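Asks: One structure coming up, written as structure tokens, with questions to follow.
Protein chains: 4
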Amino acid sequence: MADNGRTGVAIVGLGGAVATTAVGGVEMMKLGTVGTDGLPLADVPGLVPYTSLVFGGWDVQGDDLAKAAHVHRVLDDRQIEAVGSALGGIEPWAAVADPEYCRNARGTNLVAVAALRDRVAHIVEDLRRFRAEQDLDQVVVVNLASTERWPDLTLPALATAEGFEKALDVDDAAITPGMLYAYAAITEHCPYVNFTPSAAADVPALLELAEQRGVPVAGKDGKTGQTMMKTVLAPAFRSRALTVDGWYSTNILGNRDGEILDDPDSLSSKVQTKGSVLDDILGYEVGDHVVRIDYYRPRGDEKEAWDNIDLTGFLGQRMQIKVDFMARDSVLAAPLVLELVRLVVEAQRRGEGGAQEQLGYFFKAPTTRDGRRPEHALHVQERVLREWISAGAA
Amino acid sequence: MADNGRTGVAIVGLGGAVATTAVGGVEMMKLGTVGTDGLPLADVPGLVPYTSLVFGGWDVQGDDLAKAAHVHRVLDDRQIEAVGSALGGIEPWAAVADPEYCRNARGTNLVAVAALRDRVAHIVEDLRRFRAEQDLDQVVVVNLASTERWPDLTLPALATAEGFEKALDVDDAAITPGMLYAYAAITEHCPYVNFTPSAAADVPALLELAEQRGVPVAGKDGKTGQTMMKTVLAPAFRSRALTVDGWYSTNILGNRDGEILDDPDSLSSKVQTKGSVLDDILGYEVGDHVVRIDYYRPRGDEKEAWDNIDLTGFLGQRMQIKVDFMARDSVLAAPLVLELVRLVVEAQRRGEGGAQEQLGYFFKAPTTRDGRRPEHALHVQERVLREWISAGAA
Amino acid sequence: MADNGRTGVAIVGLGGAVATTAVGGVEMMKLGTVGTDGLPLADVPGLVPYTSLVFGGWDVQGDDLAKAAHVHRVLDDRQIEAVGSALGGIEPWAAVADPEYCRNARGTNLVAVAALRDRVAHIVEDLRRFRAEQDLDQVVVVNLASTERWPDLTLPALATAEGFEKALDVDDAAITPGMLYAYAAITEHCPYVNFTPSAAADVPALLELAEQRGVPVAGKDGKTGQTMMKTVLAPAFRSRALTVDGWYSTNILGNRDGEILDDPDSLSSKVQTKGSVLDDILGYEVGDHVVRIDYYRPRGDEKEAWDNIDLTGFLGQRMQIKVDFMARDSVLAAPLVLELVRLVVEAQRRGEGGAQEQLGYFFKAPTTRDGRRPEHALHVQERVLREWISAGAA
Amino acid sequence: MADNGRTGVAIVGLGGAVATTAVGGVEMMKLGTVGTDGLPLADVPGLVPYTSLVFGGWDVQGDDLAKAAHVHRVLDDRQIEAVGSALGGIEPWAAVADPEYCRNARGTNLVAVAALRDRVAHIVEDLRRFRAEQDLDQVVVVNLASTERWPDLTLPALATAEGFEKALDVDDAAITPGMLYAYAAITEHCPYVNFTPSAAADVPALLELAEQRGVPVAGKDGKTGQTMMKTVLAPAFRSRALTVDGWYSTNILGNRDGEILDDPDSLSSKVQTKGSVLDDILGYEVGDHVVRIDYYRPRGDEKEAWDNIDLTGFLGQRMQIKVDFMARDSVLAAPLVLELVRLVVEAQRRGEGGAQEQLGYFFKAPTTRDGRRPEHALHVQERVLREWISAGAA
Ligand SMILES: NC(=O)c1ccc[n+]([C@@H]2O[C@H](COP(=O)([O-])OP(=O)(O)OC[C@H]3O[C@@H](n4cnc5c(N)ncnc54)[C@H](O)[C@@H]3O)[C@@H](O)[C@H]2O)c1
Ligand SMILES: NC(=O)c1ccc[n+]([C@@H]2O[C@H](COP(=O)([O-])OP(=O)(O)OC[C@H]3O[C@@H](n4cnc5c(N)ncnc54)[C@H](O)[C@@H]3O)[C@@H](O)[C@H]2O)c1
Ligand SMILES: NC(=O)c1ccc[n+]([C@@H]2O[C@H](COP(=O)([O-])OP(=O)(O)OC[C@H]3O[C@@H](n4cnc5c(N)ncnc54)[C@H](O)[C@@H]3O)[C@@H](O)[C@H]2O)c1
Ligand SMILES: NC(=O)c1ccc[n+]([C@@H]2O[C@H](COP(=O)([O-])OP(=O)(O)OC[C@H]3O[C@@H](n4cnc5c(N)ncnc54)[C@H](O)[C@@H]3O)[C@@H](O)[C@H]2O)c1
Ligand code: NA
Ligand code: NA
């Protein structure tokens, strides 16, 4: 089922920790110095090869990716050295951004235009130039930018495709930069992945548009450490009829993403996508589900997630489980981004547009069609994904 | 599909922590003071009701169950008080035991006969008397006795049903007390459950016999805390392509079961049933899988299992997860015992004899037919179980 | 050096978890059913005996202490039963309170008067009646009430004894209920202990007054779990020249104290007293010292404090320590309260008025004379305390 | 009080993880690339400067220290590079060794002679050559070799200096290689430090000899991670009258030291030195003090020590503390070795021979005079050490 051509990946937030890790990882695969650890679908035949991916994208920080990788310290010294010249050759394009929607993200590599229609045109122009210059068969757009504040989804601007078009005309403040990138991608027939907790394409207006245009759209918020664990453990507690009385989760992280989550507006988007997972899996409301995210510099990109779970079992007796998960956030995230790119390309090949529900496996808050509650249990999501993959192979 | 009569449960190790918790729990259900926490199949229609179960059984300790419950301290003070008179009315029958096979289990409530055929006759006699006196429609035998040392499965005595019969005639030392109970159960057409790590019915000779006689047999070693978690987490690591470099597990527990595991012979049975789970799920050999069980009195029955897991992810980067599980062992175990009783009754109703592979969900080392590798992933086991249940309902 | 008479203890917050645990504990000592676990000075001769203490006090909740103990669930069922009738005989006096200073503390057992001078008179009246009715040789006042918001210490009302008197006359809003109790105690020559993070007597005005009147005053904020551990570990890190790069502390607790700390104003008083401990001990500013307190009901009074410590050692290499402390908060606190009562009586016997610096061992934010930085290292505080005790014995 | 000359350090086990870290660290100090993190006495004036130390020594592995450092992976890549040429210039001398006393330590860089007197002569020869070739003012001998099995201290060979001399003459098997190095050091007037759990100089015979010759001797078993924490926490529990019901300690480590502790004989020496610490500090016997050391390769030199502590407090109520300490073992150990070298030089300067009790701060099982119980509380040891240092300065 493969497509043998070149696939472009245009990343919003190209200079970020996850993006540079994904790009650096593909460069190392080209060198043959890393294996397929962390890549869930390495064994699936027919998807576009990792090494056929060509990267570009936007960032408010203009540094080339070698400089960015040095700052993030996800790749180790020897890895940066090995892929340094490849990374050094990639510079982010000028970004569409607005401190109004993401206070802490700062930078000077910005487009000069302010009107929304002009901003869209700028993004479209970038996508076309990228495709032409790199001789690409297709371009996927991936959102890996800093988390934006949560919009009011009931506004008419976000409720219908038509409303969105009108809102663009009048520079409606309901529209965030993240939505502009998503809109541009959809209108340019580029499959779109939203790995962040920002709303972006996950508003009724843009989902409708993606459906109309037949463009695959996947999101939202990559499911990496703590939430992934929740969607593994909670189904087991349900299976064994252990009632969850409370689940306390705290996260400490010291990278730029953590710094941005120090902004309460951005944080609330994040906490929101983490929130309903438990209740949905368990089938009842967990009275005490607390999620904390704290910026703590000594951790750097090595996030630590500590969970305490209180359970009631037979005879009403109480038990406790503590889980401490220590991992580089970007190392968990980057391979999922690569798989998502390969899967939305495959969806497009199959002519399947709109929200890609079968990709819920990758997300904390899977986008669904018609407002359905998403499935959260990891093993169920995995089965759904594998069945979809097999169906295409047949 | 239910059977409305009275079901007897004859427990080997009736005075133990798990057994008294199971019996006490059913008494509380009769009083309506506990709900269905911890009972995975409370919602399944058609199985024999928990409250229709009638308990009896053997123990080397002759104390009535109220005294036993006081010693184990699993039920809390108020619970013991509430069901004390019911428990006080149950006294274990004289047991078949031998320090040769389980050094630390001591007691004086023993049958006087030594020849194996006489011992079997004694057990059979107990089962028949139980059925008659209590007016039971069926009797299930459950092994909840202290762990015996691991036998040499290659001996002819344990290899075939025929060899076993001959070995009984000559008082062959290959046959352990646990096997005598299992043999008696099978020949009396009593469905049999082995919740312990002892071999018991899980030797080729007895599995063959159960198959011949059409008696359902299930085992072995109840999957409660740490191993249950392993069979939940390892499938997720496999799913996300995170390589397990090492998994260090230590258990501290201070109940009688822990004391017996201080005997290296008994311990090795336990560690063995815990051992291959990981490799089977992951599909490769985990180089450093360490399992410790330490007797530590301050814990009492509140076992604590601490795990450290080392993983390799994308770019060869390392991550760690620690899990601390603090739970009363017997509280996790007792409801599973009750479900197993109900399920082997159902299997017998359906005429399904021999090893009950669909019950792997409950065991660390699921008994299989024809030496197949068992499935260990909890969510797969759950699906198999639920499908079997549904098939019967149809 | 002992005083053989009867010592009254008038507690602000008598119906609270710590207070009822302290009172219940003394009752159990009278019955001989508990030993001296948790009482650091049980071996010191000459202090007033625990069992000579007579309790009374104020609370906004009018329930007798047996009812209160049932709510807090610190004493176990059998303990409540054993001392139930003694506790049932103690009912809190009507309290001086104001939601302005502690939003979440609610109750109906309140004095009817509003003017500050009238409120003081009311408290004084209670103290005199208590002394007379119970035939007491002395009365100690202990603040165990809910945490009040932090006052502005630069206001003239709180800066000098004279200013405070004037402020009382004009019902100055700078004065909190906690200060009124402290003022009444000092003017009545009752030694005073502030176990809470509220300012109470720890404002320049009242320290000056205590000094003038020669009344011993001790505070503030009992050092029980996490902060106690900090003042044990940090001196060791300093000793071994391990640099603390960060210390992340989170607390989960589900008792009424935790609920009140859900009020950000009260919380800030608490976090403040916890804050400077590390820097003071280490001699440098810890860049990332984070302290979280979260209300989480499944814990009840069994607080859990989780700490992550990041250290740098030889060759600039990094290390981590995690500490998880699970303890009933009130069980740690109550015996310290009893020791403090005995020690301020001893201070008064010795004629030592004003801030009792030698009692820093018991507090998170020890009150000092002349604005000195307090000593925080537990072992140094212990030596100071033991030397003071010995000096008196000589 | 300083000595401005050159101090030689002759290390038994020079190619080991701790030794190469100590040597590499001093080289980095010479380069000015590391600070004084981890060095408790960096601020003490008058001790020999770290950078005046000159290293040599024995190892059964003949690799130069650059190669050794590569194997141990304690220094990071950039650090090895920076000091590689200095380390590459140091090659261990042929060692005195015997698999009889330390089964797992293997190597080919061995002295050819077998008679004990000849072996001693060999060591003495090495020390004299070292002193002469490097133009040293003094030489300190430090034992950093693999742990030997524990000897029978009641044998006459080890009981008196005279008995030891006779035993040397007859090649008595009671004498281990570690004792030969210690004997040679003492007879050559070289101050001696035993950082290992092996008996070495800590037998009555050799302590007597050191006393007679006026040579300072210090030991035994460096107090780094878990035991250091015990001697910090236990005094605090005692101070607060919290009774320790049990203390469960498990260690996982994957370096060569861990591999050697897989030999039960070596392990028992280690567990022994860790054992009595608690009881000595607390003043009562802790019923359940369990210490586990497990070889677990994924950890490498980054040891992880997990402790569970069970306490009883006021009213007999139970509490728990868990501590997880993750640190490079050698990074904690190496700076202590450097301080010990400087301190025994100072002791010799002061003319203080025999067991150096004031150095107990550094050891798990401090050597004492006349069989006295050692002080274990870290803060008391620190005070003793600081007072001794000050006394010399005066
Ligand atoms: N495990 C994970 O790492 C993980 C998991 C789920 C979601 N996410 C999300 O993925 C996103 C990226 O995470 P990260 O760790 O790489 O963060 P990061 O802060 O390192 O990178 C974000 C990048 O986006 C850039 N940016 C901000 N606004 C922009 C705009 N309007 N246009 C273009 N670029 C813009 C920033 O300059 C920055 O370089 C975040 O939203 C994060 O919440 C990460
Ligand atoms: N979570 C769990 O509790 C759990 C999980 C898996 C397996 N198991 C297994 O279940 C069994 C029971 O556990 P427990 O905690 O109740 O242990 P326990 O020690 O409290 O009870 C075992 C009982 O068996 C009795 N016994 C010993 N030998 C006997 C014999 N030959 N005949 C009759 N009685 C005999 C003992 O006297 C004792 O009363 C153990 O083998 C244990 O390993 C328990
Ligand atoms: N380890 C500990 O438990 C610990 C440690 C340090 C400090 N403290 C402090 O001790 C205090 C008591 O803790 P607790 O757990 O018992 O809390 P609690 O909430 O159980 O008790 C506080 C009591 O004070 C009463 N109260 C409130 N305002 C009052 C007023 N104006 N006058 C009279 N009574 C009033 C409340 O009704 C309540 O009964 C809190 O301030 C807490 O922060 C507790
Ligand atoms: N925190 C710590 O690292 C720590 C703390 C306390 C004690 N110790 C002790 O310090 C010692 C060294 O620890 P390490 O981690 O460096 O171990 P290591 O195994 O890396 O080094 C020991 C070295 O001794 C050598 N050796 C063995 N027998 C010898 C002999 N007879 N003569 C000369 N050399 C010999 C080995 O070849 C090896 O190079 C061990 O005994 C360990 O138990 C270490
Ligand atoms: Na919830
Ligand atoms: Na070591």
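Protein chains in written order, with this note's numbering: chain A, 1 to 394; chain B, 395 to 788; chain C, 789 to 1182; chain D, 1183 to 1576.
We treat Cβ as the ideally placed atom computed from N, Cα and C, and that holds for glycine.
Here the structure is a predicted model, which is why all the values come from computation and not from measurement.
#1: May I ask you to verify whether the region 285-297 of chain A touches the region 239-256 of chain A, counting CB pairs closer than 8 Å and requiring at least 3?
#2: Could you tell me which of A:LEU31, A:LYS223, A:ALA95, A:THR20 sits nearest to LEU65 of chain A, measuring between CA atoms?
#3: So, at 7 Å on beta carbons, what are the nonlocal neighbours of GLU582 of chain B in its own chain, with the 5 sequence-adjacent residues on each side left out?
#4: If we count the other Cβ atoms within 10 Å of its Cβ and call it buried at 16 or more, is ARG736 of chain B buried or exposed?
#5: Suppose the cutoff is 6 Å on Cβ atoms and the five residues either side in sequence are ignored; what does the same chain contact list for TRP1275 of chain D look like?
#6: For LYS1504 of chain D and chain B, any beta-carbon pair shorter than 8 Å?
#7: Kindly list, in the order they appear in chain F, the residues whose Cβ is closer than 8 Å to that of PRO40 of chain A.
#8: Going by C-alpha distance, which of D:ALA1382, D:GLU1390, D:ASP1427, D:HIS1561 is nearest ASP1403 of chain D?
#9: Under three-state DSSP, which class holds ASP566 of chain B?
#10: Leaving aside the five residues before and after LEU278 of chain A along the sequence, list all residues of the same chain whose C-beta is less than 8 Å from its C-beta, in chain order.
#11: Using CA atoms only, rank isn't needed, just tell me which of D:LEU1221, D:VAL1324, D:LEU1389 is closest to LEU1335 of chain D.
#12: Does any residue of chain C bring its CB to less than 8 Å from the CB of GLU285 of chain A?
#13: Our contact map puts ASP723 of chain B next to GLN620 of chain B with C-beta atoms below 8 Å; I'd like the distance itself, whole angstroms only.
#14: Does chain C have any CB closer than 8 Å to the CB of ARG372 of chain A?
#15: Would you say HIS773 of chain B and HIS122 of chain A are within 8 Å of each other, going by their C-beta atoms?
#16: Quick check on GLY150 of chain A: does DSSP put it in helix, strand or coil?
#17: For a test of the three-state rule: what should DSSP assign to GLU861 of chain C, helix, strand or coil?
#18: Mind listing which residues of the region 795-812 of chain C have their C-beta closer than 8 Å to chain D's C-betas, in chain order?
#19: Could you tell me whether the Cβ atoms of LEU120 of chain A and LEU168 of chain A are closer together than 8 Å?
#20: Could you work out which residues of chain D lie near GLY966 of chain C, taking near to mean beta carbons separated by less than 8 Å?
#21: State the Cα-Cα distance for the pair TYR980 of chain C and PHE1151 of chain C, rounded to the nearest angstrom.
#22: I want to verify the contact list: residues of chain B whose CB lies under 7 Å from the CB of TRP1488 of chain D, in sequence order.
#23: What does PHE1346 of chain D reach in chain C if we use C-beta pairs closer than 8 Å?
#24: In angstroms with no decimal places, state the Cα-to-Cα distance between HIS464 of chain B and VAL417 of chain B.
#25: Can you pull the chain A neighbours of LEU603 of chain B, defined as C-beta to C-beta under 8 Å?
#26: Does the Cβ of HIS770 of chain B have 16 or more other Cβ atoms within 10 Å, making it buried, or fewer, making it exposed?
#27: Expressed to the nearest angstrom, what Euclidean distance is found between the alpha-carbon atoms of ASP457 of chain B and THR502 of chain B?
#28: When the cut-off is 8 Å and only beta carbons count, does TYR50 of chain A lie next to chain C?
#29: Mind checking ARG1313 of chain D: buried by the 16 CB within 10 Å criterion, or exposed?
#30: Would you say the beta carbon of PHE708 of chain B is closer than 7 Å to some non-hydrogen atom of ligand 1?
#31: If VAL12 of chain A and ALA145 of chain A are in contact, beta carbons under 8 Å, what's the gap, nearest whole angstrom?
#32: Taking buried to mean at least 16 other C-beta atoms within 10 Å of its own C-beta, is LYS396 of chain A buried or exposed?
Replies: Inspection of the coordinates gives the following:
#1: yes
#2: A:THR20
#3: VAL518, LEU521
#4: buried
#5: Close CB contacts of TRP1275 of chain D within its chain, under the 6 Å cut and outside five residues either way in sequence, are with TRP1240, ASP1308 (chain order).
#6: Chain B contact via Cβ: present.
#7: This model lacks chain F altogether; the protein chains it does include are A, B, C and D.
#8: D:ALA1382
#9: coil
#10: LYS230, ALA234, VAL244, TRP247, VAL286, HIS289
#11: D:LEU1389
#12: GLU285 of chain A does not count as touching chain C.
#13: Not a contact, Cβ separation roughly 10 Å.
#14: Output row for ARG372 of chain A: interface = no.
#15: no
#16: Reading off the sequence shown, one finds Trp at residue 150 of chain A, where the question assumed Gly. Three-state result, TRP150 of chain A: coil.
#17: Residue identity check: residue 861 of chain C is Arg in the sequence provided, not Glu. Note: ARG861 of chain C maps to coil in three-state DSSP.
#18: THR809, GLY812
#19: The amino acid at residue 120 of chain A is misidentified as Leu; the sequence shows Val. VAL120 of chain A is a Cβ neighbour of LEU168 of chain A, given a cutoff of 8 Å.
#20: In chain order: nothing, as chain D lies at least about 25 Å away.
#21: 14 Å
#22: Within 7 Å Cβ-Cβ: TRP700.
#23: The premise fails here: PHE1346 of chain D is roughly 35 Å from chain C at the closest Cβ pair, so nothing lies under 8 Å.
#24: 14 Å
#25: Going along chain A, no residue has its Cβ under 8 Å from LEU603 of chain B, so there is no contact; the nearest lies around 32 Å.
#26: buried
#27: 10 Å
#28: no
#29: buried
#30: no
#31: 5 Å
#32: Because residue 396 of chain A is not part of the residues shown, which for chain A are 1 to 394, the question remains open.
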